[in-house]
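2 protein chains.
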Amino acid sequence: MENLIKVLKNGSCKITPQRIAVYNALKDSPTHPNAEAVYNKLAPTYPTISLATVYKSLELFEELGLIQVINVGENSFRYDFIATSHPHLICTKCQKVEDLFEDSFSELASVVEEKTNYKISKQQLSFYGVCPSCSGA
Amino acid sequence: MENLIKVLKNGSCKITPQRIAVYNALKDSPTHPNAEAVYNKLAPTYPTISLATVYKSLELFEELGLIQVINVGENSFRYDFIATSHPHLICTKCQKVEDLFEDSFSELASVVEEKTNYKISKQQLSFYGVCPSCSGA
DNA sequence: GTACTTGCAAATATTTTGCAGTTAC
DNA sequence: GTAACTGCAAAATATTTGCAAGTAC
Chain A
57 MENLIKVLKN
67 GSCKITPQRI
77 AVYNALKDSP
87 THPNAEAVYN
97 KLAPTYPTIS
107 LATVYKSLEL
117 FEELGLIQVI
127 NVGENSFRYD
137 FIATSHPHLI
147 CTKCQKVEDL
157 FEDSFSELAS
167 VVEEKTNYKI
177 SKQQLSFYGV
187 CPSCSGA
Chain B
57 MENLIKVLKN
67 GSCKITPQRI
77 AVYNALKDSP
87 THPNAEAVYN
97 KLAPTYPTIS
107 LATVYKSLEL
117 FEELGLIQVI
127 NVGENSFRYD
137 FIATSHPHLI
147 CTKCQKVEDL
157 FEDSFSELAS
167 VVEEKTNYKI
177 SKQQLSFYGV
187 CPSCSGA
């Protein structure tokens, strides 16, 4: 059974075509779209879907732990399909947002906990710079 | 000579009471206020100052490298007086945003550069959790 | 005096909300 | 059948912009 279906059932949430569509749109988008981009991607296939529904679905998915909301300093939020917390790379020229997989960063939270007595539940690491293709051009 | 004055002169920008006020408001706020909070703080003393001016001043200060814009996932930006990039701690209960000074994090950028071929110019690290006073209560 | 800056108001952008109608179960 | 969900429109919130009046130099 698909992960989304399982998690929705678990949370006593209805399985609707809209939610499946939003979920798949995110899954197929390596670009970490914002809500409007998701909406635009779906609009041709689902002419009656509304932006509000996209927002509501994304909010639900975050509560269920299916996706991660990231904010890289634009004035809109981006949504990331991968639920595990990982750093992001933002190109300051072409604005693309990439994932960064670097194991050594996962231990940062415990360093912070030790130092501050906070109970850390989530972290967001963003690195801003110029990507190889932009710096090459 | 005060730092603000020096930097403004350097950038051929006028030294105005409003800019000085915004700068000092930030300097005196360990809470990393957002634009509206800065405005509210100034309003009693400067009844005619406008929110637009606060925004314009903050934008200018960022361009001049005097302050840092941070975004911890709210839908407003916060502004940080300290220009050097450092991690932030956000309490998910009381919403306060603290600075974290931890030297070992400064080398992260070079790790990322090596791994990705990005030329990193800025980083934002945010750790979310429950602060000691909230978890104690 | 002039170029920069301010402050107002309007515009823009993003996200949230209320509610009537619809749908999954 | 009922509670949950959708879609529309309006509201709320945050930020930007245009421009006339004001101010630093």
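As they're listed, the protein sequences go chains A and B.
Residues 57 to 193 (the working numbering) are what the first sequence spells out, left to right.
Residues 57 to 193 (the working numbering) are what the second sequence spells out, left to right.
Ideal placement from N, C-alpha and C gives every residue a C-beta, glycine not left out.
Quantities reported herein were computed from a predicted structural model and do not represent experimental measurements.
- Ile105 of chain B and Phe137 of chain B have their alpha carbons spaced roughly 20 angstroms apart.
- Residues of chain A with a Cβ closer than 8 angstroms to the Cβ of Leu156 of chain B are, in chain order, Val168, Lys171 and Thr172.
- Collapsing the DSSP output to three states places Gly67 of chain A in coil.
- Pairwise C-beta distances place the segment 147-156 of chain A in contact with the segment 180-189 of chain A, as three or more of them are shorter than 8 angstroms.
- Under the criterion of beta carbons closer than 8 angstroms, Phe157 of chain A and His142 of chain A qualify as touching, at roughly 6 angstroms.
- Collapsing the DSSP output to three states places Phe183 of chain A in a strand.
- Partner residues in the beta bridge of Gln124 of chain A, as assigned by DSSP, are A:Asp136.
- Residue environment analysis places Pro103 of chain A among the exposed positions, since fewer than 16 neighbouring C-beta atoms fall within 10 angstroms of its C-beta.
- The C-beta of Ile176 of chain B comes closer than 8 angstroms to at least one C-beta of chain A.
- Taking a 10 Å sphere around the C-beta of Ala108 of chain A, we find fewer than 16 other C-beta atoms and assign the residue as exposed.
- If you ignore the 5 residues before and after Val125 of chain B, its C-beta comes within less than 7 angstroms of the C-beta of Glu118, Phe133 and Tyr135, all in its own chain and listed in chain order.
- Rounded to whole angstroms, Pro100 of chain A and Glu154 of chain A show a C-alpha spacing of 26 angstroms.
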